[in-house]
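Asks: Before we start, here is the structure in question, set down as structure tokens.
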Amino acid sequence: MWPLSSVFSTEPLPTIEGRGVYLRVPQMKDFGPWHDLREASRAFLTPWEPLWPADDLTRGAFRRRLRRYARDILADEAYPFFVFRASDHVLLGGLTLSNVRRGVCQAASLGYWMGAPYAGQGYMKAAVSALLPAAYDLLHLRRIEAACMPTNGPSIHLLESCGFVREGYSREYLCINGVWEDHILFARLRHDTALSGPMRRSHLRQVPPAAQ
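In this note's numbering, the protein residues as written are 2 to 213.
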């Protein structure tokens, strides 16, 4: 488990650097940018996500989300991150390693979302490419799983370009936007390589004060 302090701490949290982006655990100060980006991206995101609760974008719901994140991290069950553009610290989206399984499995599930204004510009590929080495080297995982709907061409392209391999097809796998949808199942093993070349090795750093 990473030595992460509470998400409510004022101390800098470990951050993962990637190509033009960085990833860090969400904090309460992110509420405004997160709210604005999610609201502006509602029509773009809802076809691919579970139904949003009525209060999903409220400050109280965000605070509860952070509490859940903190519990998940401390329990070594999930590791959530927001994705920021390195040049100006703008929030771009988020991704999570969830359903962490230990013992003889050493696996987790990858999920992600990208704000509508930043989709299709390579940011999520950079974020996933940065997260994978950290998942293997720091979390000691050997298998990262992901799933996406057959109609989600950009997500399929993202996973395959990051070295994920199609392993199956699951009927009515997840309830998305109120409908039980089929999903293509992908996985990437520690020794798999991305189609576009070897991944750049990411590393942890402390966010400078200006980025806090």
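By construction, the Cβ of each residue, glycine as well, lies at the ideal position given by its N, Cα and C atoms.
Taking all protein chains shown into account, decide if T16 is buried (16 or more other Cβ within 10 angstroms of its Cβ) or exposed.
Replies: Looking up residue 16 in the sequence shown gives position 15. Buried is the call here.
Asks: State whether the region 46-53 contacts the region 122-135, with contact taken as three or more CB pairs (one from each stretch) at a distance under 8 Å.
Replies: no
Asks: Once the 5 residues before and after G164 are set aside, which same chain residues still bring their CB inside 6 Å of it?
Replies: As a working note, residue 164 is residue 163 in the sequence shown. Excluding residues within five positions, the ones whose Cβ falls inside 6 Å are R189, D193, T194 and A195.
Asks: For M150, name the three-state secondary structure that DSSP assigns.
Replies: Numbered from 1 along the sequence shown, position 149 holds the residue referred to as residue 150. M150: coil per DSSP, three-state reduction.
Asks: Cα-Cα, which of R64, F187 and N153 is closest to F45?
Replies: Here residue 45 refers to the residue found at position 44 of the sequence shown. With distances taken between Cα atoms, F45 lies closest to N153.
Asks: In angstroms with no decimal places, state the Cα-to-Cα distance between D57 and R64.
Replies: As a first step, residue 57 is located in the sequence shown; it is residue number 56 there, counting from the start. As a first step, residue 64 is located in the sequence shown; it is residue number 63 there, counting from the start. Going from the Cα of D57 to the Cα of R64 covers about 11 Å.
Asks: Comparing alpha-carbon positions, which option in S171, I177 and N178 lies nearest H1?
Replies: Outside the displayed range of the chain (2 to 213) lies residue 1, so it cannot be described from this structure.
Asks: Going along the chain, which residues of its own chain have a beta-carbon closer than 6 Å to the beta-carbon of F82, five neighbours each way excluded?
Replies: The residue given as residue 82 occupies position 81 in the sequence shown. Cβ neighbours of F82 beyond the five flanking positions: L24 and L96.
Asks: Starting from C176, follow its DSSP beta bridges and name the residues at the other end.
Replies: Within the sequence shown, the letter at position 175 stands for residue 176. According to DSSP, C176 bridges with W181.
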